[in-house]
Amino acid sequence: MTETAIFKDSEADRSFRAKWFASRLAVYGVLLLWAFICLFPIYWTLTTSFKLAPNVMQGNLIPWVDYQPKWLGWKSIGLSPDTIGTDSTVREEFLKRFTNSAIVSLVSSFLAVVMGSLAAYGLSRFSYRFAWMRNPDISFFFLSQLILPPVVLALPFLVLYKELGLLDTRIGLILLYALSVLPIVIWIMKDQFNSIPTELEEAALVDGLGVWGAFVTIILPIALPGMVAAFILSLVLTWNEYFFAALLTSTDAKTLPVMVASQTGSQGISWWSMAALSFAAILPLIVIGVLLERFIIKGMAAGAVK
């Protein structure tokens, strides 16, 4: 090989490496920009909880550079270093609202996933007929419930819950929240079950399993990632729900979003308190999302291997 050929090969290699490096740099640059856009609201909420009123009004962004952080927001809910070891009425109130939100959202999401998965499996595997409605019509009926504005249901639910004695109770919110996210769960799980070949169930039936046995032992493990995704979405929606929580509760069953929205008064909005409450409210969702995201990936890989 001549020196000219070697020189041309080295030039081609350098050009290829430069293009590859430029493409990688562009991809990671876009990903970093998108990550910054997605995480900036969380950063803004966290830093606002350490600001004073002038810092909020001036739009200061960087702690210890634009402003000196203070524990004013966390002190207002009894979670600052100087109040965490003492009795605090506001901290007890916060923990009560946090407990209400956790119980209501977890139980209602679990119920919605269980009932929605069973309904979606039935719509995916069996043929139904109700008057003029068939399976596609029934599926659309469930999905169409999301179009209805919540304010339309305000008065009927208020009257119904008053008659049933469910006002200001956790069970009332659990039933309502499970009903509200049920169409989303059915929509997600029906697509999940449609992607699973029916030959797996037919083989299980040939081996002696019944319909329920095939569903529990064969279909359920494969559909588990979709159920986790539906659970996460239901959890986020029920955790952040404000309208019905403010309408149907007063003292005992009031949830965290209602407490966050109550940080307003004659003196204006307590941005530091609202930011501290908001960050304390979204932190569990962040942790759960990270943990269950790994579970989803593991479940998808396991399902692919099966």
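Counted the way the numbering used here counts, the sequence shown spans residues 481 to 786. Positions of the beta carbon are idealized from the N, C-alpha and C atoms, including for glycine.
Cβ neighbour criterion (16 or more within 10 Å) applied to residue i
i, result
"V740", "buried"
"W719", "buried"
"R577", "buried"
"P534", "exposed"
"G553", "buried"
"A761", "buried"
"M537", "exposed"
"G565", "exposed"
"L513", "exposed"
"I627", "exposed"
"M707", "buried"
"P737", "buried"
"Q743", "buried"
"A784", "Because A784 carries a pLDDT of 42, less than 50, the predicted location of this residue cannot be relied on, and no value is offered for it."
"I557", "buried"
"F759", "buried"
"Y508", "exposed"
"T678", "exposed"
"Q672", "buried"
"E572", "exposed"
Inter-residue spacing [alpha-carbon to alpha-carbon] between residue i and residue j
i, j, result
"L685", "A703", "18 Å"
"F496", "L505", "14 Å"
"V665", "A710", "6 Å"
"S604", "I522", "39 Å"
"S619", "G693", "25 Å"
"I651", "V584", "8 Å"
"V770", "S624", "31 Å"
"D802", "T731", "The requested residue 802 does not occur in the structure, where the chain is confined to residues 481 to 786."
"I668", "A582", "23 Å"
"S588", "R494", "59 Å"
"F530", "W524", "10 Å"
"L727", "E682", "49 Å"
Supposed close pair residue i, residue j - CB separation, criterion 8 Å
i, j, result
"L653", "A592", "L653 to A592, Cβ: 13 Å. No contact."
"W551", "P561", "7 Å"
"A733", "N580", "6 Å"
"L715", "I698", "Their Cβ separation, rounded to whole angstroms, is 27 Å, which puts L715 and I698 out of contact at 8 Å."
"L772", "I712", "6 Å"
"D648", "T729", "5 Å"
"L655", "F637", "Not a contact, Cβ separation roughly 10 Å."
"L511", "T527", "Rounded, the Cβ-Cβ distance is 23 Å, inconsistent with contact."
Length at least 4, wholly inside the region 617–693: the alpha helix (DSSP H) runs in chain order
DSSP runs (the alpha helix (DSSP H)) wholly in the region 617–693: 634–644, 650–674 and 679–686.
Touch check for the region 596–611 and the region 747–760: three-plus C-beta pairs under 8 Å?
The region 596–611 makes no contact with the region 747–760; the number of CB pairs closer than 8 Å stays below 3.
Contact between the region 642–654 and the region 683–702: three or more CB pairs below 8 Å?
With the rule of 3 Cβ pairs closer than 8 Å, the region 642–654 does not count as touching the region 683–702.
Would you call the region 655–675 and the region 589–604 in contact, with 3 or more CB pairs under 8 Å?
The region 655–675, when compared against the region 589–604, does touch it at the 8 Å Cβ threshold.
Quick check on the DSSP output: what are the complete alpha helix (DSSP H) runs of length 4 or more inside the region 717–766, in order along the chain?
Runs of the alpha helix (DSSP H) lying entirely within the region 717–766, each at least 4 residues long, are 723–728 and 736–741 in chain order.
Enumerate, from N- to C-terminal direction, the unbroken alpha helix (DSSP H) stretches of 4 or more residues contained entirely within the region 521–569.
Correct list: 533–538 and 552–555.
In chain order, which continuous runs of the beta strand (DSSP E) of length 3 or greater are located wholly inside the region 572–624?
The beta strand (DSSP E) runs of length 3 or more contained entirely in the region 572–624 do not exist; there are none.
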